[in-house]
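Everything on this sheet refers to the single structure shown next.
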Amino acid sequence: MIITPKRTTPAAAQRLGTGHQQCHTREAGVDIEGWLTGAERRPSPNHDPRPPGTGIDLLVIHNISLPPGNFSGDWIDDLFLNRLDAGAHPYFHHIAGQRVSAHLLIRRDGRLFQYVAFERRAWHAGASRFAGRDRCNDFSIGIELEGTDDAPFAEAQYERLAECTIHIMHRYRGITEERIAGHSEIAPGRKTDPGPAFDWLRYRESIRGSALF
Ligand SMILES: [Zn+2]
16 MIITPKRTTP
26 AAAQRLGTGH
36 QQCHTREAGV
46 DIEGWLTGAE
56 RRPSPNHDPR
66 PPGTGIDLLV
76 IHNISLPPGN
86 FSGDWIDDLF
96 LNRLDAGAHP
106 YFHHIAGQRV
116 SAHLLIRRDG
126 RLFQYVAFER
136 RAWHAGASRF
146 AGRDRCNDFS
156 IGIELEGTDD
166 APFAEAQYER
176 LAECTIHIMH
186 RYRGITEERI
196 AGHSEIAPGR
206 KTDPGPAFDW
216 LRYRESIRGS
226 ALF
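Under this note's numbering, the first residue of the sequence shown is numbered 16, with each subsequent residue one higher.
Written as structure tokens, this is what we have:
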């Protein structure tokens with residue numbers, strides 16, 4: 016088979032996902048209210064203002080699946096939008112009626128949903144502490160990965176997570192690599208997510224190699 020070299024135009028380069036696309040998406044990024052371009056918006060009522068003068072300088076990684084271990088259906092949406100049917104599954108009895116949210120959810124196939132604008136406080140961390148500071152919801156952004164502690168996360172999720180993280184770090188400069196933590200790290204003994212199946216090394220390498228910095 017003979018392969019004919021093709022000229023790569025800038026437009027083609029964008030489609031191919033080369034550096035041109037990175038420049039393009041960098042301009043897109045995060046809007047003034049903290050909505051991420053490229054995320055499907057599902058506005059949740061579960062948010063409130065961050066305390067005055069509070070910077071956003073922590074990123075918290077979680078996992079969630081509803082019911083646990085199930086990766087189909089829209090139950091996570093239902094939970095974050097306060098419409099989870101308590102009768103639909105025995106597990107839901109425990110959590111229906113909770114008022115919780117995360118800023119972002121990345122589903123198994125890499126689809127990205129945003130429930131709360133970054134400038135607002137989402138309710139994902141609960142009782143928590145990072146670097147001696149309590150109430151991490153005040154100063155953090157929370158990202159949920161659809162999954163469990165023990166099941167390997169999907170390729171598409173790592174790719175999307177890296178992309179989101181790069182945009183977030185570009186906009187919120189206080190979020191440095193050292194200020195990205197798992198929920199288990201900020202709520203030890205109470206929370207275990209994102210769990211041992213989450214590949215921190217891979218994740219950290221994926222953001223370190225970013226052309227944005
Ligand atoms: Zn969590």
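Using N, Cα and C, we set each Cβ at its ideal position, and we do this for glycine too.
Computed from a predicted structure; not experimentally measured.
Could you tell me whether the Cβ atoms of E134 and E48 are closer together than 8 Å?
-> Contact: yes.
Within the 8 Å Cβ cut-off, does F168 reach chain D?
-> This model lacks chain D altogether; it includes just one protein chain.
Simplified DSSP state of Q172, which is helix, strand or coil = In the structure shown, Q172 falls within a helical segment according to DSSP collapsed to helix, strand and coil.
Check whether P58 and R136 have beta carbons under 8 Å apart = Their beta carbons are not under 8 Å apart, which means P58 does not touch R136 by this criterion.
Environment of ligand 1 in chain order, Cβ to heavy atom below 6 Å | H77, H198, K206, D208
Decide if the segment 159-171 is in contact with the segment 62-80; the criterion is three or more beta carbon pairs, one per stretch, under 8 Å apart.
-> With a cut-off of 8 Å, the segment 62-80 and the segment 159-171 count as touching, because enough Cβ pairs lie within range.
Could you tell me how far apart the beta carbons of D72 and Y218 are, in whole angstroms, since I believe they sit closer than 8 Å?
-> Contact doesn't hold; Cβ gap of about 19 Å is too wide.
Where S155 falls: helix, strand or coil (DSSP) | strand
Under the three-state reduction of DSSP, which class applies to C38: helix, strand or coil?
-> Its pLDDT being 41, under 50, C38 is placed unreliably by the model, and nothing is read from it.
So does the segment 96-110 actually touch the segment 161-175, counting three or more Cβ pairs closer than 8 Å?
-> no
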